[in-house]
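First comes the structure, then the notes that go with it.
Chains as they are written, first to last, in the numbering used here: chain C, 236 to 348; chain B, 520 to 633.
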């Protein structure tokens, strides 16, 4: 079975610090990759996604992620975080041959003003 | 407004009492799915549906049933709830049949089984 690992469960940063959240998956075939965000009290929203092409994808609110196939990784980055980025972030994988989604356990980001 | 609507938002029940959580989307989406969210485990897919009358198991289907008689509705049924089904449940939909486009999530249903 596929699995998605997010190694950082809780990250605390000050405003303007740089962010990198790790995501690794275990499926060897072709995948679609996603990052979703859940702001406090809200439902999950898509931050960005990768299907093919340029492995560096840009999403909303200044977030970007890089797909490194050889490392089975899809890390999320932001050069300078804001207090409003406080949320829980989920990495998700969908294998091209299946219709199931696999989510990581999530990373709670707390940005201090 | 395009949305996925789940009801109820909160539900407390007792072991063995059948319950249904409703999910409806107004975007004419093909794909619908159910997830449960538990601390430290993230979201795990329960069931999904690619079209009317087409449903399939996700990662954790035991103890749950679904049906897709109409395109817009995808109810989650717990025939005999148990305490280990206490969780936060989300319904989601996507316009493509494989669900690989953007998933639209509902606001969630917090279920407690006593």
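Glycine is no exception: its CB is placed at the ideal position from the N, C-alpha and C atoms.
These numbers come from a predicted model, not from an experiment.
- Give a yes or no on whether the minimum CB-CB distance between residue 340 of chain C and chain B is below 8 angstroms. Under the 8 angstroms criterion on CB atoms, residue 340 of chain C is classed as interfacial with respect to chain B.
- Item | Whole-Å CB distance - residue 248 of chain C paired with residue 312 of chain C, under 8 angstroms assumed | With a Cβ gap of about 12 angstroms, residue 248 of chain C and residue 312 of chain C do not count as contacting.
- From residue 605 of chain B to residue 555 of chain B, what does the alpha carbon distance come to, in whole angstroms? Residue 605 of chain B and residue 555 of chain B: Cα-Cα distance of roughly 9 angstroms.
- Nearest-angstrom beta carbon gap, residue 595 of chain B and residue 540 of chain B [assumed within contact, 8 angstroms]: About 5 angstroms separates the CB atoms of residue 540 of chain B and residue 595 of chain B; that is less than 8 angstroms, so the two are in contact.
- Using 8 angstroms as the limit for Cβ to Cβ distance, is residue 578 of chain B near chain C? At a cut-off of 8 angstroms between beta-carbon atoms, residue 578 of chain B makes contact with chain C.
- Item | Within-8 angstroms CB hit, residue 336 of chain C to chain B | At least one chain B Cβ lies under 8 angstroms of residue 336 of chain C.
- Message: On the criterion of 16 or more Cβ atoms from any shown chain inside 10 Å, does residue 264 of chain C qualify as buried, or is it exposed?
- Response: Exposed, by the Cβ-count rule.
- From C:246, C:278 and C:259, residue whose alpha carbon lies closest to that of residue 625 of chain B: Residue 625 of chain B has its Cα closest to that of C:278, out of C:246, C:278 and C:259.
- Take residue 294 of chain C and list the residues in its own chain whose beta-carbon comes closer than 6 angstroms to its own, dropping the five residues that flank it on each side. Here residue 294 of chain C has 282 and 283 as same chain residues with Cβ atoms under 6 angstroms from its own Cβ, once five neighbours each way along the sequence are excluded.
- Task: Count the other C-beta atoms from every protein chain shown that fall within 10 angstroms of the C-beta of residue 546 of chain B, then say buried if there are 16 or more, exposed otherwise.
- Result: Result: exposed.
- Query: What residues match up with residue 303 of chain C in a beta bridge as DSSP calls it?
  - Reply: Residue 303 of chain C pairs with C:308.
- Anything in chain C within Cβ reach of residue 621 of chain B, meaning under 8 angstroms, just list it in chain order. Ordered by position in chain C, the residues that pass the 8 angstroms Cβ test against residue 621 of chain B are 281 and 284.
- Message: Relative to the C-alpha of residue 563 of chain B, which candidate in B:630, B:527, B:613 and B:608 has its C-alpha closest?
- Response: Ranking the options by Cα distance to residue 563 of chain B, first place goes to B:608.
- To the nearest angstrom, report how far apart residue 337 of chain C and residue 257 of chain C are at their CA atoms. Their backbone Cα atoms lie some 15 angstroms apart in a straight line.
- Query: For the beta strand (DSSP E) that residue 698 of chain B lies in, which residues bound it at each end?
  - Reply: Lying before the first or after the last residue shown, residue 698 of chain B is absent from chain B, which here runs from 520 to 633.
- Item | Endpoints, the beta strand (DSSP E) within which residue 340 of chain C is located | Counting along the chain, residue 340 of chain C falls outside any beta strand (DSSP E), and DSSP gives it neither H nor E.
- Message: With a threshold of 6 angstroms on Cβ separation, who are the neighbours of residue 526 of chain B within its own chain once the five nearest residues in sequence on each side are excluded?
- Response: These residues qualify, in order along the chain: 541.
- Can you check whether the CB of residue 266 of chain C is closer than 8 angstroms to the CB of residue 330 of chain C? In this structure, residue 330 of chain C lies near residue 266 of chain C, with their beta-carbon atoms less than 8 angstroms apart.
- With a threshold of 16 other CB atoms inside 10 Å of the CB of residue 535 of chain B, please say whether the residue is buried or exposed. The residue in question, residue 535 of chain B, is exposed, as its Cβ has fewer than 16 Cβ neighbours within 10 Å.
- Query: Start and end of the beta strand (DSSP E) containing residue 560 of chain B?
  - Reply: DSSP places residue 560 of chain B outside any beta strand (DSSP E), giving it a letter other than H or E.
- Task: Determine the extent of the beta strand (DSSP E) in which residue 245 of chain C is found, giving its start and end residues.
- Result: 245-249 is the span of the beta strand (DSSP E), which, as asked, contains residue 245 of chain C.
- Query: By Cβ distance, which residues of its chain are closer than 6 angstroms to residue 599 of chain B, with the 5 residues on each side in sequence left out?
  - Reply: Closer than 6 angstroms at the Cβ level, and outside the excluded window around residue 599 of chain B, lie 535.
- Query: To which residues does DSSP link residue 524 of chain B through a beta bridge?
  - Reply: DSSP lists B:543 as partners of residue 524 of chain B.
- Task: Note down the Cα distance separating residue 581 of chain B from residue 530 of chain B, rounded to an integer number of angstroms.
- Result: Those two C-alpha atoms are separated by around 20 angstroms.
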